[in-house]
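When you line the sequence shown up against our numbering, it's residues 79 to 391, in that order. Virtual Cβ for every residue (Gly too), placed ideally from N, Cα, C. What you are looking at is a predicted structure, and each value in this text was computed from that prediction instead of being measured. For reference, the structure discussed in these notes is given below.
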Amino acid sequence: EARLLFDASNGRTDRGASEQNFKWEYWNAGKGQYVHLRTPGLTFFGDSKSESEQKVLFDQLCDLLCEFGQRQLGMNSITPPWLSCYVDGMEQRIHTDSAHGPWAFVLSLTTDEALSMLSGGETQIMNPEMLSYWSNFDGYGKEEGDIFTIVEPRYGRILAFDPRLPHGVRQVHGPREMSQGRLVLHGWFSDPTPFFIGGLENADKAAEALDSAIEIAIKAIETVGRVTGCLSVRLKVSGKSGEVTDVSALVDSLVADPNDWQGPIGETENGETIYEDARADVILALNDALSTAVFPLTESGDDTEITVPFIFE
Numbered sequence: 079e080a081r082l083l084f085d086a087s088n089g090r091t092d093r094g095a096s097e098q099n100f101k102w103e104y105w106n107a108g109k110g111q112y113v114h115l116r117t118p119g120l121t122f123f124g125d126s127k128s129e130s131e132q133k134v135l136f137d138q139l140c141d142l143l144c145e146f147g148q149r150q151l152g153m154n155s156i157t158p159p160w161l162s163c164y165v166d167g168m169e170q171r172i173h174t175d176s177a178h179g180p181w182a183f184v185l186s187l188t189t190d191e192a193l194s195m196l197s198g199g200e201t202q203i204m205n206p207e208m209l210s211y212w213s214n215f216d217g218y219g220k221e222e223g224d225i226f227t228i229v230e231p232r233y234g235r236i237l238a239f240d241p242r243l244p245h246g247v248r249q250v251h252g253p254r255e256m257s258q259g260r261l262v263l264h265g266w267f268s269d270p271t272p273f274f275i276g277g278l279e280n281a282d283k284a285a286e287a288l289d290s291a292i293e294i295a296i297k298a299i300e301t302v303g304r305v306t307g308c309l310s311v312r313l314k315v316s317g318k319s320g321e322v323t324d325v326s327a328l329v330d331s332l333v334a335d336p337n338d339w340q341g342p343i344g345e346t347e348n349g350e351t352i353y354e355d356a357r358a359d360v361i362l363a364l365n366d367a368l369s370t371a372v373f374p375l376t377e378s379g380d381d382t383e384i385t386v387p388f389i390f391e
């Protein structure tokens, strides 16, 4: 439906045009750093007061993105999304984002037919180990596939990634018609907030219990190395006992704070050097602390899943 919205709103003939065709900006910034067509999604599909079918469907799409962010990332909302189109010669060169949100997203509306007609247009994200190149240097040469993760804009695919990592969009070659270009809706997941689903979904006491558990968790991580990034965990809570039955890490972009890294912290029985692993220490400390939390029983006896984001700066 999202793609049909674009096709219906951007429809034109060879010599005609609609009002929608003039809502696009040809964005060429930084002497070729960013070159593509873009428009705010809300501007293209209808303003905030519009009640058109297109605007209603666009709102539903944004709601689905928010639901994905809540369930998978612990993010409660998204920034106003942009709609961008790339035709022949357009690209985004390697860059990092400002602090719009802990996770960036790209939802591809590029049709299979368009993908078959163009080359390029993939999102490329630098592999994290390249940011500490010399500490991981093995003496062997590196090629593009070793340096970047390459993600093709397949129709309906949503890509979420750490926007602090250097990333970009490969230059598109081929079509010049917008209907045949790389079309994506993109923005950032924001507003990290715990998300309840299940028997405790509307219980105020559940929030109090979670606050207490988080307080214990924060004290626990004060004793380990510092990290930066985002970690989202999911708690599974028994509706009959109120006990946490499982704690699992959903996603994390944690890296050790280089200004706090302790380096070697000991040796094994075999004399091998043990290095501080702040990321693993933080995840373990949070797991241990959150596992001891006890929540109110539910009237229905239904279990609850709680997604909890932690932001380290």
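Alpha carbon of residue i to alpha carbon of residue j, nearest angstrom
{"i": "ARG232", "j": "ARG260", "result": "10 angstroms"}
{"i": "LEU237", "j": "SER197", "result": "19 angstroms"}
{"i": "LEU209", "j": "ASP282", "result": "43 angstroms"}
{"i": "SER216", "j": "ILE225", "result": "What sits at residue 216 in the sequence shown is Asp, not Ser. The straight-line gap from Cα to Cα measures roughly 14 angstroms."}
{"i": "VAL333", "j": "VAL360", "result": "10 angstroms"}
{"i": "TRP102", "j": "LEU263", "result": "14 angstroms"}
{"i": "GLU200", "j": "ASP175", "result": "18 angstroms"}
{"i": "GLY252", "j": "LEU185", "result": "21 angstroms"}
{"i": "GLU391", "j": "ALA291", "result": "21 angstroms"}
{"i": "ARG171", "j": "VAL134", "result": "34 angstroms"}
{"i": "ALA80", "j": "GLU354", "result": "47 angstroms"}
{"i": "THR306", "j": "ILE389", "result": "8 angstroms"}
{"i": "TYR164", "j": "THR189", "result": "13 angstroms"}
{"i": "ALA358", "j": "LEU151", "result": "19 angstroms"}
{"i": "GLN249", "j": "ASP166", "result": "8 angstroms"}
{"i": "PRO387", "j": "ASN365", "result": "13 angstroms"}
{"i": "ALA182", "j": "GLY303", "result": "26 angstroms"}
Assigned exposure category for residue i - 16 Cβ within 10 Å defines buried
{"i": "GLY108", "result": "exposed"}
{"i": "THR395", "result": "The structure shown does not extend to residue 395, since the chain is modelled only from 79 to 391, so the question has no answer here."}
{"i": "LEU288", "result": "buried"}
{"i": "ARG254", "result": "exposed"}
{"i": "GLY219", "result": "exposed"}
{"i": "GLY277", "result": "buried"}
{"i": "THR351", "result": "exposed"}
{"i": "LEU82", "result": "exposed"}
{"i": "ILE203", "result": "buried"}
{"i": "GLY344", "result": "exposed"}
{"i": "SER310", "result": "buried"}
{"i": "THR376", "result": "buried"}
Which of helix, strand or coil DSSP assigns to residue i
{"i": "LYS318", "result": "coil"}
{"i": "THR351", "result": "strand"}
{"i": "LEU278", "result": "coil"}
{"i": "VAL360", "result": "helix"}
{"i": "PHE122", "result": "helix"}
{"i": "MET195", "result": "helix"}
{"i": "ALA238", "result": "strand"}
{"i": "GLY179", "result": "coil"}
{"i": "PRO206", "result": "helix"}
{"i": "ASP381", "result": "coil"}
{"i": "PHE373", "result": "coil"}
{"i": "GLN170", "result": "strand"}
{"i": "ASN337", "result": "coil"}
Distance between beta carbons of residue j and residue i, contact taken as under 8 angstroms
{"i": "VAL323", "j": "SER316", "result": "For clarity, residue 323 is Thr in the given sequence; the question names Val instead. Their Cβ separation, rounded to whole angstroms, is 5 angstroms, which keeps THR323 and SER316 in contact under 8 angstroms."}
{"i": "TRP266", "j": "HIS173", "result": "Wrong, their Cβ atoms sit about 14 angstroms apart, outside the cutoff."}
{"i": "CYS144", "j": "SER155", "result": "6 angstroms"}
{"i": "PHE274", "j": "ALA284", "result": "6 angstroms"}
{"i": "SER268", "j": "MET153", "result": "6 angstroms"}
{"i": "LEU193", "j": "PHE84", "result": "With a Cβ gap of about 15 angstroms, LEU193 and PHE84 do not count as contacting."}
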